[in-house]
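Asks: Before anything else, here's the structure in question.
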Amino acid sequence: MTLEKSFQVWKKNIAGEESNTFTNELGEKIVVQICQTEEETAKLLQTVLDNNEAAAKALARAAHQDVELSVPTVDNVILNIPHSKIGMWVDPIDSTYQYIKGSADIKACNGIYSKGLQCVTILIGVFLTDTGLPIMGVINQPFATRDKDTLRWKSHLYWGLSYMDINICSLDVSASGGIKDKTNCSSENGGAAKNSYSAVTSSAETKDILSSLSTVCGDNLHFAAGAGYKCLCVILGLVDFYVFSEDTTFKWDCCAPHAILKSLGGGILDLSKYMESIRKRKIFSERPHLVYNVPVDGAVGADMWANVGGLVAYRSDKHLEHFMDLFFKKLPLQSELH
Numbered sequence: 003m004t005l006e007k008s009f010q011v012w013k014k015n016i017a018g019e020e021s022n023t024f025t026n027e028l029g030e031k032i033v034v035q036i037c038q039t040e041e042e043t044a045k046l047l048q049t050v051l052d053n054n055e056a057a058a059k060a061l062a063r064a065a066h067q068d069v070e071l072s073v074p075t076v077d078n079v080i081l082n083i084p085h086s087k088i089g090m091w092v093d094p095i096d097s098t099y100q101y102i103k104g105s106a107d108i109k110a111c112n113g114i115y116s117k118g119l120q121c122v123t124i125l126i127g128v129f130l131t132d133t134g135l136p137i138m139g140v141i142n143q144p145f146a147t148r149d150k151d152t153l154r155w156k157s158h159l160y161w162g163l164s165y166m167d168i169n170i171c172s173l174d175v176s177a178s179g180g181i182k183d184k185t186n187c188s189s190e191n192g193g194a195a196k197n198s199y200s201a202v203t204s205s206a207e208t209k210d211i212l213s214s215l216s217t218v219c220g221d222n223l224h225f226a227a228g229a230g231y232k233c234l235c236v237i238l239g240l241v242d243f244y245v246f247s248e249d250t251t252f253k254w255d256c257c258a259p260h261a262i263l264k265s266l267g268g269g270i271l272d273l274s275k276y277m278e279s280i281r282k283r284k285i286f287s288e289r290p291h292l293v294y295n296v297p298v299d300g301a302v303g304a305d306m307w308a309n310v311g312g313l314v315a316y317r318s319d320k321h322l323e324h325f326m327d328l329f330f331k332k333l334p335l336q337s338e339l340h
């Protein structure tokens, strides 16, 4: 809602996972939006919240609050892009189940949380409506760290901009987990040395994909909740890759992290198309990056915007081909992907 308030010219091009249409206990359908005044917004919210005046006023106050966030790095950056060519994908709460469950005592393994509030992210991604390629991304991790004494949470904010020859982000690349040269890490039998690469995936991944990833990554195969958080693990250099073959991630999950990864020299590719190029020894003039402007043919509802074919997120273009070649060769069934 506040995005539409801040970027009125983009209003028709802002979309996301959640709907702003609610049904209250009386069966009334109500479209929630930011009104002209805080009082009007509170009155509207009260109809959704079954006349809970205190909650409605608190939410309205937060919605109308003017938040000033200065980013000196981009203050002097000028992008000449017509507003009509800009679209936005928003996921206000990625990893909703972890948010509802509210687990705060999960321990990290090598800096990676398999579940818990740390896996919750807020994702805002901007893309070009003509090419579908992402250009800007913001990830807010609202429950990044917790003070042991006060038990209060501290959020972390990450952003990236990648457009034409401009690539800047909030991370210090040299200090955020640079990937060493692993293309020469080989075992005596010519395969990848154990643990030479690391990856994160979902526990819902197929058996054959997991088998291949386990062979290539050894003990450095991790599992985590939330597509946004898994992408963030790649962005932060906690793992080298995020691989997922299923069609259960969506455009709003990937647009923001994709833009940040592009600003770092990486990206998010269509896994099935990339694997097909390996299978047929086909060389792409350009790698098959996910695009965010084309719905899935014949699909309805949220499935229109699914990442059909799966994805591979990477931070180092240098190591992508070597890793994917190893991954493909270790697949028990090389026809596993769509």
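Per the numbering used here: the sequence shown ends with 340, consecutive numbering throughout.
Backbone N, C-alpha and C define an ideal beta-carbon position, used for all residues, glycine too.
Predicted, not measured: the structure shown is a model, and the values here were computed from it.
As an exercise, report each continuous beta strand (DSSP E) stretch of at least 3 residues that is fully enclosed by the stretch 32 to 120, in chain order.
Replies: Listed in chain order, the beta strand (DSSP E) runs fully inside the stretch 32 to 120 are 88 to 96, counting runs of at least 3 residues.
Asks: Any beta carbon of chain C sitting closer than 8 Å to that of residue 81?
Replies: Among the protein chains of the structure shown there is no chain C, as only one such chain exists.
Asks: Does the stretch 205 to 218 come into contact with the stretch 325 to 333, if we say contact requires no fewer than three beta-carbon pairs (one atom in each stretch) closer than 8 Å?
Replies: yes
Asks: Mapping DSSP to helix, strand and coil, what is residue 333?
Replies: For the purposes of this step, residue 333 is taken as the residue at position 331 of the sequence shown. Looking at residue 333 - three-state DSSP - the assignment turns out to be coil, as it is neither helix nor strand.
Asks: Measure the alpha-carbon distance for residue 323 versus residue 276 and round it to whole angstroms.
Replies: As a first step, residue 323 is located in the sequence shown; it is residue number 321 there, counting from the start. As a first step, residue 276 is located in the sequence shown; it is residue number 274 there, counting from the start. If I take the Cα positions, the gap works out to 10 Å.
Asks: Check the DSSP bridge columns for residue 313 and list the partner residues they point to.
Replies: Mapped onto the sequence shown, residue 313 falls at position 311. Paired residue(s): 246, 272.
Asks: My output table needs one value for residue 189: the three-state DSSP class, helix, strand or coil.
Replies: Within the sequence shown, residue 189 is the residue found at index 187, counting from 1. Summary for residue 189: the model assigns pLDDT 46, below 50, so the residue's position carries little reliability; its value from the coordinates is reported in the next sentence. Residue 189: coil per DSSP, three-state reduction.
Asks: Please state whether the Cβ-Cβ distance between residue 313 and residue 262 is less than 8 Å.
Replies: Mapped onto the sequence shown, residue 313 falls at position 311. Mapped onto the sequence shown, residue 262 falls at position 260. Not closer than 8 Å, so no.
Asks: Less than 8 Å between the C-beta atoms of residue 265 and residue 105, yes or no?
Replies: By one-based count along the sequence shown, residue 265 stands at place 263. By one-based count along the sequence shown, residue 105 stands at place 103. No; because the gap between Cβ atoms is not below 8 Å, this pair is not in contact.
Asks: Tell me the DSSP bridge mates of residue 160?
Replies: Position 158 of the sequence shown, counting from 1, holds the residue named residue 160. 141, per the DSSP bridge assignment.
Asks: Taking buried to mean at least 16 other C-beta atoms within 10 Å of its own C-beta, is residue 111 buried or exposed?
Replies: On the sequence shown, position 109 is the one that residue 111 refers to. With fewer than 16 other Cβ atoms within 10 Å, it is exposed.
Asks: Expressed to the nearest angstrom, what Euclidean distance is found between the alpha-carbon atoms of residue 298 and residue 273?
Replies: For the purposes of this step, residue 298 is identified with residue 296 of the sequence shown, where counting begins at 1. For the purposes of this step, residue 273 is identified with residue 271 of the sequence shown, where counting begins at 1. Cα-Cα distance, rounded: 16 Å.
Asks: Residues in the same chain with beta-carbon distance under 8 Å from residue 176, minus the five sequence neighbours each way, listed in chain order, please.
Replies: Counted from its first residue, the sequence shown places residue 176 at position 174. With a pLDDT of 49 at residue 176, under the threshold of 50, the modelled position of this residue cannot be trusted; read the value that follows with caution. Taken in chain order, the list of residues that qualify is empty.
Asks: Near residue 207, what residues of its chain come up, given a Cβ to Cβ distance below 6 Å and the 5 sequence neighbours on each side ignored?
Replies: Stepping through the sequence shown from its first residue, residue 207 is reached at position 205. Excluding positions up to five away in sequence, the list is empty.
Asks: So residue 223 and residue 201 are supposed to be a Cβ contact under 8 Å. How far apart are they, rounded?
Replies: As a working note, residue 223 is residue 221 in the sequence shown. As a working note, residue 201 is residue 199 in the sequence shown. That belief holds up - the Cβ atoms of residue 223 and residue 201 are roughly 6 Å apart, short of 8 Å.
Asks: Which value, in whole angstroms, describes the spacing of the CA atoms of residue 282 and residue 289?
Replies: By one-based count along the sequence shown, residue 282 stands at place 280. By one-based count along the sequence shown, residue 289 stands at place 287. Cα to Cα, residue 282 sits roughly 15 Å from residue 289.
Asks: Count the other CB atoms, across all protein chains shown, that sit within 10 Å of the CB of residue 50; report buried if there are 16 or more and exposed otherwise.
Replies: Against the sequence shown, residue 50 aligns to sequence position 48. Flag for residue 50 reads buried.
Asks: For residue 204, which option in 15, 84, 148, 114 has the closest C-alpha, if you only look at C-alpha atoms?
Replies: Here residue 204 refers to the residue found at position 202 of the sequence shown. Taking only the C-alpha atoms, the option nearest residue 204 is 114.
Asks: Below 8 Å, can you find three or more Cβ-Cβ pairs linking the stretch 249 to 261 to the stretch 226 to 233?
Replies: yes
Asks: Roughly how many angstroms separate the alpha carbons of residue 166 and residue 53, rounded to a whole number?
Replies: One-based indexing of the sequence shown puts residue 166 at position 164. One-based indexing of the sequence shown puts residue 53 at position 51. Whole-angstrom Cα-Cα distance: 50 Å.
Asks: Can you look up residue 218 in the DSSP assignment and give me helix, strand or coil?
Replies: As a working mapping, residue 218 is identified with position 216 in the sequence shown. The answer is helix: DSSP assigns residue 218 an H, G or I state.
Asks: Using the C-alpha atoms, what's the distance from residue 152 back to residue 302?
Replies: To locate residue 302, count along the sequence shown from 1; it is residue 300. To locate residue 152, count along the sequence shown from 1; it is residue 150. Each residue's alpha carbon lies about 46 Å from the other.
Asks: If you reduce the DSSP assignment to three classes, tell me which class residue 327 lands in.
Replies: Here residue 327 is taken as the residue at index 325 of the sequence shown, counted from 1. Here residue 327 sits in helix by DSSP.
Asks: Apart from the five residues on each side of it in sequence, which residues of its chain come closer than 8 Å, Cβ to Cβ, to residue 259?
Replies: As a working note, residue 259 is residue 257 in the sequence shown. Around residue 259: 125, 127, 139, 141, 230, 233, 234, 236, 237, 270, 315.
Asks: When we look at the beta-carbon of residue 294 and count the other beta-carbons within 10 Å, is it buried (16 or more) or exposed?
Replies: Position 292 of the sequence shown, counted from the start, is the residue given in the question as residue 294. Answer is buried; the Cβ neighbour count reaches 16.
Asks: Quick check on DSSP: helix, strand or coil for residue 169?
Replies: Residue numbering aside, residue 169 sits at position 167 when the sequence shown is read from its first letter. DSSP places residue 169 in strand when its eight states are reduced to three.
Asks: Check the DSSP bridge columns for residue 127 and list the partner residues they point to.
Replies: Taking the first residue of the sequence shown as position 1, residue 127 is located at position 125. For residue 127, which the question treats as bridged, DSSP gives the partners 91, 139.
Asks: I'd like to check one pair, residue 213 with residue 334: are the Cβ atoms closer than 8 Å?
Replies: On the sequence shown, position 332 is the one that residue 334 refers to. On the sequence shown, position 211 is the one that residue 213 refers to. Result yes, Cβ atoms of residue 334 and residue 213 sit closer than 8 Å.
Asks: Are there 16 or more other CB atoms within 10 angstroms of the CB of residue 43, so buried, or fewer, so exposed?
Replies: For this step, residue 43 is matched to residue 41 along the sequence shown. So residue 43 ends up on the buried side.
Asks: Please return the same chain residues whose Cβ sits closer than 6 Å to the Cβ of residue 310, not counting the five positions on each side in sequence.
Replies: Translated into the one-based positions of the sequence shown, residue 310 becomes position 308. Counting only Cβ-Cβ distances below 6 Å, and skipping sequence neighbours, we find 249, 298.
Asks: What separation, rounded to the nearest whole angstrom, lies between the Cα atoms of residue 99 and residue 159?
Replies: Counting from 1 along the sequence shown, the entry for residue 99 is found at position 97. Counting from 1 along the sequence shown, the entry for residue 159 is found at position 157. Straight across, the Cα-Cα distance linking residue 99 with residue 159 is about 21 Å.
Asks: With a 10 Å radius around its C-beta and 16 neighbouring C-beta atoms as the bar for buried, classify residue 79 as buried or exposed.
Replies: Locating residue 79 in the sequence shown gives position 77, counting from the first residue. Burial check for residue 79: the Cβ neighbour count within 10 Å stays below 16, so the residue is exposed.
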